[in-house]
Structure formats: C-alpha cells, structure tokens
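Remarks on the structure that follows.
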Amino acid sequence: MRRRTGRLRAAAVAALCALGATLVAPPPIAAATTADETHDYCQGQCGDILPPGATGNATLVEILGNKMFGTHPEHSTDQLGPYAALAGGYQSLTDDTLTHFFNDASFGVPADQVGKVTTPRDDVTITRDKKTGVPHIKGTTRYGTEYGAGYAAGQDRLWLMDLFRHIGRGELTSFAGGAPANQGLEQEFWPQAPYTEKDLQDQVDYIRDHNGERGKQAMADAQAYVDGINAYREQSKNGRYFPGEYVLTGHIDAITNAGEIQPFKLTDLIALASVVGGLFGNGGGGEVTNALSLLAAQQKYGVKKGTEVWESFRERNDPEAAKTLHDGQSFPYAVKPDKAQGTALPDRGSVTPEPLVFDRAGAATAKGGTAPQDPVKAPKKYRKLEGLFKDGVLPKGSFNPTQHRGMSNALLVSGKHTESGHPVAVFGPQTGYFAPQLLMLQEIQGPGISARGASFAGVGMYIQLGRGQDYAWSATSAGQDITDTYAVDLCNQDGSPATKDSTSYRYHGACVPMEKLERTNSWKPTVADPTAAGSYRMQVFRTKYGTVTHRATIGGKPVAYTAQRSTYRHEADSIIGFQMFNDPSAVHDARSFQQAAAHIGYAFNWFYADSRDIAYFNSGLNPVRNPDVDPSLPVRADDAYEWRGHDPATNTSDYTPPAQHPQSVDQDYYISWNNKQAKDYDSAGFGNGPVHRANLLDDRVRALTQEGGVTRASLTRAMSEAAVTDLRGEDVLPELLRVLGSKPVTDPALKTAVQQLAAWRKDGAQRRETSPGSHTYTHPDAVRLMDAWWPLMIEGVFKPGLGDDLYGALTSDLAIDESPSAGHGPTGAHAGSAFQYGWWSYADKDLRSVLGDTVKGPLAQRYCGGGDLSACRDTLLTTLRQATARTAEQVYPGDASCKAGDQWCADAIVQRAVGGLTHDTISWQNRPTYQQVVEFPAHR
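In our numbering, the protein residues as written are 16 to 955.
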C-alpha cells in the first residue's frame with residue numbers, strides 16, 4: 016500500500032509541474048414547432064440575473080491564476096457586480112434603470128452581441144452572448160436540441176455535476192476526498208435517499224412506462240442530454256481543457272492525461288434529482304422530534320395542559336399567519352383530528368437515533384471534527400493549490416437535508432393594479448450562493464421547446480424556472496407535509512424476544528426482514544485534500560414503511576421509527592411537469608399552467624404571469640391519510656393507518672386531487688416567502704405565525720396594490736427593501752419598545768440603547784450600508800444591540816416559564832434566531848437567506864398578550880414576567896443590559912472569512928466555492944439567487 020501511495024504522490028506532483036505547459040395521466044405532446052417559429056412577446060420587458068456568472072468550469076491554469084493573481088475565466092464573475100449593486104441602488108430604481116441590475120432576458124442573441132458559437136452537431140448551435148456568456152441553444156431536431164443542452168451543461172458545470180451525482184449516490188468521499196466536511200455531507204444526504212443501482216434504473220423505467228408519450232419523450236430527452244454531457248466530457252478530456260479539479264483530486268494526470276472522467280448515465284440524473292428535491296422540494300417529517308417536545312410539555316404541565324401548550328407553539332393553522340391566498344380561501348390538508356388515533360409516542364428516554372456509520376478505518380476513526388492529514392507536496396510555485404479542499408468541497412453548513420430549507424420568494428400584482436394594465440412579477444428561487452452556482456442560466460429553442468431561464472446543473476434538459484414565449488413562471492419551497500413517521504413493531508424471525516436492535520418487523524401480521532442498504536467509501540490524500548487515507552461503511556435499513564431513522568420502546572415494546580416520503584422512489588417524476596412548462600403548446604394561459612404544475616411531485620408553490628393573468632398553484636404528492644391520524648406525530652404501522660392505496664413496491668398511493676391543492680387565478684396580488692399557503696392547509700413545521708419574513712413582502716405589496724399604478728421598478732423596490740430589512744426590528748421591536756416604554760427608562764446606558772433601537776426602527780430597521788462600498792451600516796450600534804439582545808431576550812422571557820427541558824425541546828423544533836450573521840440554522844453564515852426560522856411569532860404573541868392587545872390564537876399561557884407587564888419590563892431591561900455589555904468582537908466573533916468585530920462582513924454573502932475559484936464578498940441581501948422581473952405587454 017505504501018508503494019502505491021508513493022506512486023500516486025509522484026503523479027500528483029508531476030501533474031502540477033506540468034501546469035505551465037498544459038399524478039393524472041399527462042396530456043399527449045402536440046405537434047412540434049420548429050425553433051424558427053418561436054416568438055417573443057415580452058418586447059424587452061423581461062429581465063433576469065444569476066450570480067456570479069455563466070462560466071462554472073476552470074482549467075488547472077485558470078484555478079492557479081485565481082489563487083495567485085485573483086483572475087477569473089471570462090464570464091465566471093461578471094454578474095456579481097450588478098447583482099450586488101441593487102442593495103445600494105434600489106431606492107432610486109426606475110423601469111429605465113432596471114437594466115443596470117438585470118440582464119435582458121429576451122429570446123435570442125442580437126447580431127452585434129454574438130460571442131462564441133459552438134456546433135456540437137449539425138442539428139444544434141450554441142450561441143453565447145458577449146455580455147454574459149449565457150448559452151442560447153437552438154436545435155432543428157428534438158434530439159439535437161437536448162444534446163446541445165447537455166453539451167452546454169458540460170461546458171459550464173462539468174465538475175459541479177460530477178460532484179453532485181456523487182453526493183446523491185453517497186460516494187462523495189471516494190470521489191473528492193475524506194475531509195470531515197465531505198464525510199458529514201454524504202452522511203447527511205445518503206440516508207435521505209438511499210438507493211441501489213436497480214432502484215435508480217427502476218425510476219427511469221417508471222417515468223418512461225407510466226406517463227404515456229410524454230414519459231417516453233422525457234427519457235429520450237434525458238438520454239440526449241446525457242449524450243451531450245458525455246460528448247463534452249470526452250472532448251475536454253482529450254483536448255486537455257477539462258476542469259482542473261480533476262487533476263487536484265487525483266482523477267487525471269496533467270502530464271500523461273491518464274485517468275478518466277466517468278461517463279454520465281441516466282441513473283445519475285435520478286441521483287442528482289434526489290439532491291435537488293431533498294433540499295428544496297421536501298416537506299414534513301420530524302415527527303420524532305415533535306413527539307419529544309410534546310412529551311416534555313406533558314411532563315411539565317400534565318397531559319391536557321401540556322398538549323395545549325405544545326399545540327400553541329406548533330401553530331399548525333394560526334389565524335394570524337401571513338398567507339399566500341389572503342381572501343379566506345380554505346384548502347384543508349393534514350389537519351389535526353379532534354380525537355387522533357394510532358399516535359405512537361415513545362416511552363420517555365427510550366429514543367435513540369439509528370446508527371449510520373460502521374467499520375471506520377484510518378482517518379475515519381478521528382473524532383472531534385478533525386482528521387489526521389498526510390499532505391501531498393507540490394513544487395513551491397504551486398503551493399497555492401495545496402489543500403484546496405482541505406475543509407471539504409462544500410463549506411461546512413452549506414447544506415443540511417435533514418432541516419427543511421425555506422427559500423425563494425415571489426411578488427406578483429394583477430394588471431388591475433399596475434400602471435400598464437398588464438401583470439407585473441418579481442420572483443425567483445433562493446438557492447444559496449455558490450461558485451459555480453447550482454443553477455445554470457440558458458435558453459433552449461427547438462421542436463416542442465421554447466424557454467429561457469434557470470435549471471439545476473445536471474438536470475437541465477428543460478428550463479425549470481424562467482419564461483416561455485408569452486408567460487413566465489417561478490417557484491418557492493412549499494414544505495407541506497409529504498413525509499410521515501411510522502412506528503413498526505420489531506420482531507425476530509426465529510421467534511426469540513425482540514430487542515431495539517432487531518432487524519425484522521411486523522408487516523400485516525408477518526415478521527419480515529428489513530432490507531439492508533450499504534455504501535462503502537474509501538479515500539487517499541490528494542493535492543486538494545490532504546486528509547489521510549481512510550474508509551467506512553454506511554448502512555440504512557429499509558422497510559415497507561420507509562427507512563429506519565430511530566429506535567425506541569412504546570409501552571416497553573421495541574419499535575423502529577421509519578420515514579415514509581411520498582416522493583421516495585419518484586425523485587425525477589416531476590420531469591413531466593417541467594417538460595410541459597417548456598412546451599408552448601401545453602402552456603398557453605393560467606389554467607393550462609396550473610394543469611402542468613399538477614404534474615410536479617415535489618412540494619412547491621408555483622407562480623405564473625402573462626399579459627393578462629397572474630396565477631398560483633401548490634404542487635406535491637400529498638398522500639391521502641386516514642382522517643383520524645395526526646400527521647404531526649408518529650403513527651402506528653398498522654394497515655388502518657397506512658396511506659390510502661399504498662403500494663410499498665413502488666411507493667405509490669392515493670394522492671389528493673389537484674382541485675384540493677391551494678390555487679388561484681387573478682387574486683389582487685400574490686406573495687410568497689415560504690409562508691403558509693392558505694387557511695386550513697396545515698403547516699408541516701413550527702413557526703408559521705403572525706410574524707414571518709413573508710410579512711416583509713405582504714405589507715409592502717399590499718400598500719402598492721392599494722395605491723395602484725404598480726410598475727416593474729416599484730415592485731422590485733418593494734422586494735429590495737424587504738431584502739435589507741431586519742424582521743425582528745420591523746415587526747417585534749415595536750412591541751418590545753412599548754413594554755420598555757410603559758415606564759420611563761432612567762438608567763443612562765439603557766436609555767441610550769432604547770433610543771438607538773427606536774431610531775433604527777423609525778428609519779426602517781434595515782441592515783444596509785451608509786453608501787455602497789462603505790462596509791458600515793446606517794445604524795451599526797442598534798443592529799449590534801438587536802443581534803446581541805434577541806437570543807438573551809428570548810431565553811429570559813421563555814425559559815423560566817417553560818423550564819430547561821421543554822425550552823430545549825422546543826428549540827430543537829425551531830431555532831430561536833436566524834439573523835444574517837448567525838452561523839446556525841439550516842442556511843449557516845454568509846448564506847444570504849435569513850429570518851425564516853426563529854421565535855419572532857412567539858415573542859410577538861406573548862408581548863401583545865402582556866400588553867393587553869387582542870391576540871388571535873394566543874400562546875396557552877403568558878411567559879414574559881409571568882404575564883405581568885412590570886415584571887416583563889424588568890426581564891427585557893435585564894437582558895438588554897446584558898446585550899449592551901457585549902462587545903462587537905463578542906457579537907461577531909469572526910470566522911475564516913471575517914475578522915472578529917466586523918459587523919458588515921459577518922452579514923456579508925460569500926459565494927461558497929464548490930470548485931477552485933473564489934469570488935468577492937458582497938453586502939447582505941435576503942433575495943432570490945436567480946431572479947426575474949417580467950411584464951408581458953402581449954400574448955399569442
């Protein structure tokens with residue numbers, strides 16, 4: 016083994032030395048239109064942007080240039096500047112100046128803007144415009160069009176696609192190295208969607224065989240797309256212009272060109288789709304954690320009162336919650352039954368997580384988040400590239416599929432309230448900030464396809480969010496409950512008494528074995544990742560009720576808790592809906608768009624705008640449950656409590672029909688920021704109460720709509736203002752100041768603090784620079800006070816009444832804060848997205864109750880000062896005093912990107928490097944990553 020490792024080291028060093036030298040059945044497909052028959056009805060009034068830039072690949076030389084001189088490949092970073100500038104320029108925005116911050120999203124490339132042109136086949140041309148380098152794919156045949164889309168994806172995202180197919184397959188460490196962050200990432204992802212190769216192929220076959228002509232066409236398109244990727248993969252390898260990360264991770268020798276970029280397969284697209292869907296399109300789950308907090312509440316207050324307290328924090332159907340459908344429409348789903356049956360709460364203290372990792376060897380045995388290193392040395396002049404991925408190929412905290420990521424926003428106004436009489440929309444997905452970006456911007460024109468927009472790299476055979484000939488669409492993560500937890504009774508097939516470790520379970524009366532799924536990974540050090548050699552085996556047990564997540568006892572009898580997700584084994588079925596979005600013959604108005612969206616299996620909120628209408632539809636494979644089951648808690652694995660019509664072989668069941676999904680056409684306006692969809696559409700998680708970041712949009716768009724004359728610029732300004740506003744400062748601070756002001760504040764230091772907070776609130780409670788590039792906020796002391804005070808205040812208000820155990824359990828259900836500088840929560844630090852998860856609604860309801868205000872759906876008891884205004888004020892003053900004593904260095908302790916005490920940098924957005932290129936840090940904005948501004952003046 017040592018001799019082989021030595022040869023690998025020698026090859027790696029030699030490679031671097033060479034641097035200087037080298038649902039319902041889908042409708043049938045209509046008669047196809049050719050690319051030459053496409054039409055653009057937006058007439059220059061569609062804009063979009065996606066940072067940091069279109070180019071996502073970099074050769075080894077380009078990576079070295081970036082590390083040594085800060086240079087970038089063409090079009091890899093040119094969108095970062097205009098994207099960042101909106102935070103400082105939105106206040107004076109007009110329709111005419113939108114082009115300073117958004118690119119023209121018209122179809123085609125003007126003759127004077129034609130840049131590089133590639134013809135990978137006779138039947139397709141890829142034209143890149145000079146300004147942005149976005150690929151405009153135009154094909155004369157369907158196969159050629161999709162082949163071109165795959166080829167362009169290879170040109171722009173080859174390394175990223177390869178990385179994510181290995182994440183989806185649970186093989187990241189074997190591919191990219193054994194850094195602890197890589198280990199953690201694959202250990203988070205693979206248990207969410209563990210598959211055998213046959214499972215992946217079965218999903219390909221299911222799409223092809225169960226969706227009529229559209230299913231067959233989808234898989235033919237996918238195959239053409241894969242063929243295009245593989246053509247570029249092979250050509251770039253032979254031509255030695257492939258991404259340099261392949262050399263740094265030991266896959267290719269830069270001198271001899273020995274090695275291989277593994278061919279892509281259709282099953283890789285299923286693995287890629289599982290990553291995307293798991294991150295952004297999942298919903299529900301977490302019932303075991305819910306059960307533990309309910310038990311803690313019952314332990315403190317007794318069963319009846321404890322359940323009331325827990326339900327008040329749960330806020331399943333809070334009457335004060337911001338709703339996308341705000342006209343009182345009701346769409347009952349996943350509602351709490353009056354008397355739940357089959358609930359399977361564990362015995363107190365009996366729950367243990369299912370172990371995942373076994374047979375650790377070498378560096379995999381290290382504890383404490385660090386691992387021994389065995390660096391591969393490079394020549395001195397190339398030392399800049401050593402350890403490029405020592406902290407993982409994705410920074411720690413970039414993803415956590417076990418926590419739902421509430422992301423993306425949308426603002427749409429009906430033409431009845433706009434200046435032009437045509438609808439206006441500003442919307443896009445908030446998918447984080449990466450380099451290269453997870454999304455890829457492209458235009459695809461060919462037979463039966465006519466669209467421009469963004470798609471997730473590796474599954475971009477269709478535009479997933481963008482515009483068609485005379486309409487545009489986008490989505491936000493919906494998160495409704497499509498995942499349930501079952502408690503299966505354990506048994507042993509030999510008849511011996513079951514234990515919590517048993518690997519068989521009861522199914523319809525029989526004792527059947529669990530299926531064991533395994534993945535063994537091993538790695539060796541490379542120039543990029545010096546982590547010493549190591550290996551381990553991951554193991555997941557699968558049942559007919561889903562995969563095992565925990566074990567426990569109920570009434571002393573051993574059980575396993577399983578997670579059953581409706582989209583499991585159906586990771587890419589949504590391809591049918593996306594195909595229809597891209598087909599101008601399938602989508603021609605609001606209703607036909609809703610019909611197409613009904614074919615999306617993941618939980619998304621879909622928004623649509625054309626020259627006449629705006630529309631909304633909530634998609635997802637919503638299972639039909641026994642109405643007596645409480646979907647927020649674990650359920651007994653009994654045929655009476657199974658999903659209706661469930662077939663475990665294919666994980667299919669009966670689903671609620673499209674008519675029962677929240678939907679609307681031409682409401683006066685729509686907003687969404689991952690908030691509650693509609694009345695009685697019960698929230699799957701905690702935190703959908705009266706204070707939600709969606710309120711930042713709702714308040715502004717409602718005011719614009721009432722005033723009338725809405726324009727693209729005014730709606731963009733509303734979005735941008737919300738994007739730099741602190742939710743706590745706008746919607747909770749007023750109540751905090753009312754309590755504090757119930758008596759004069761006499762302490763000089765506290766009086767100054769209150770005055771600073773009040774002035775900040777009066778000025779809009781924003782976290783924005785004094786001027787673009789100043790790196791100093793307009794109210795830095797107030798922002799620092801709020802950041803320091805909020806966690807102290809929440810704990811001071813709620814912990815005494817709830818007690819340590821219940822307070823801790825509830826914070827496991829919902830983190831108390833997600834400010835831009837907070838390095839906790841599902842998004843982590845420097846991620847842009849903020850204020851989705853926190854205790855703002857709890858604080859708001861409690862403070863209003865203490866103040867004597869009317870509160871609909873109040874908490875079950877008052878917490879601040881035990882409900883006494885004077886005592887509550889004392890609590891707030893005590894915690895505020897503690898906050899004033901905290902220095903900037905304590906509030907903003909610094910990290911790899913920022914020095915301690917740097918407030919602006921602590922908030923700032925970092926493009927998280929997924930490859931060898933890094934980019935400039937930009938000022939914080941809480942807005943979509945890819946964003947469209949559209950107003951269609953005409954229609955077919």
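All C-beta atoms in this analysis are idealised placements derived from N, C-alpha and C, irrespective of residue type, glycine included.
None of these values were measured; they are calculated from a predicted model.
query: Span separating the alpha-carbon of residue 117 from that of residue 819; result: 49 Å
query: For residue 154 and residue 123, the rounded distance between their alpha carbons; result: 13 Å
query: Cβ neighbour criterion (16 or more within 10 Å) applied to residue 58; result: exposed
query: From 358, 913, 710 and 879, residue whose alpha carbon lies closest to that of residue 851; result: 710
query: Proximity of residue 637 and residue 497 at Cβ, strictly below 8 Å; result: yes
query: Cα-Cα separation, residue 318 to residue 485; result: 57 Å
query: Option nearest residue 643 by Cα separation, candidates 56, 634, 633 and 655; result: 655
query: Residue 403 versus residue 529 - alpha carbon distance; result: 41 Å
query: Proximity below 8 Å, CB of residue 408 to CB of residue 925; result: no
query: Distance between residue 312 and residue 360 (C-alpha atoms, nearest Å); result: 13 Å
query: Closest residue to residue 562 among 587, 178, 503 and 543 (Cα-Cα distance); result: 503
query: Which of helix, strand or coil DSSP assigns to residue 62; result: strand
query: Nearest candidate by alpha-carbon position, reference residue 668, set 652, 646, 254 and 640; result: 640
query: Residue of 943, 949 and 387 minimising C-alpha distance to residue 454; result: 943
query: Enclosing alpha helix (DSSP H) for residue 528 [first to last residue]; result: First-last for residue 528: 525-528, but that is the beta strand (DSSP E), not the alpha helix (DSSP H).
query: DSSP-derived helix/strand/coil call for residue 482; result: strand
query: 8 Å Cβ cutoff met for residue 897 and residue 799; result: no
query: Helix, strand or coil at residue 619 according to DSSP, with G and I counted as helix; result: strand
query: Residues near residue 305 in its chain [Cβ-Cβ closer than 7 Å; skip 5 each side]; result: 647, 648 and 828
query: Environment of residue 707 [buried if 16+ CB atoms lie within 10 Å]; result: buried
query: Host beta strand (DSSP E) of residue 230 (start-end); result: Run containing residue 230: none in the beta strand (DSSP E); it sits in the alpha helix (DSSP H), 227-254.
query: Cβ shell of residue 156 (< 6 Å), same chain only, five flanking positions each side left out; result: 138
query: Integer-rounded CB distance, given that residue 613 should sit under 8 Å from residue 677; result: Rounded, the Cβ-Cβ distance is 12 Å, inconsistent with contact.
query: Spatial distance of residue 533 from residue 83 (CA atoms); result: 42 Å
query: For residue 801: DSSP bridge partner residues; result: Note: residue 801 sits in no beta bridge, so no partner.
query: Residue burial classification, residue 380 (beta-carbon count within 10 angstroms, cutoff 16); result: exposed
query: Residue 795 versus 814, 768 and 911, residue with shortest Cα-Cα distance; result: 768
query: Cβ-based neighbour list, residue 158, same chain, cut-off 6 Å, excluding 5 preceding and 5 following; result: 239
query: Close-in-space but distant-in-sequence residues of the same chain around residue 661 (CB under 6 Å, 5 per side omitted); result: 668
query: Coarse secondary structure for residue 306, derived from DSSP in three states; result: helix
query: Exposure label - residue 383; buried when at least 16 CB within 10 Å; result: exposed
query: Buried/exposed call for residue 106, threshold 16 Cβ in 10 Å; result: exposed
query: Neighbour-count burial assignment, residue 279, 16 or more Cβ in a 10 Å radius; result: buried
query: Rounded straight-line distance, which links the Cα of residue 805 to that of residue 832; result: 8 Å
query: DSSP three-state assignment for residue 854, whether helix, strand or coil; result: coil
query: Same chain, Cβ closer than 6 Å to residue 566, five either side skipped, listed in chain order; result: 367, 515 and 575
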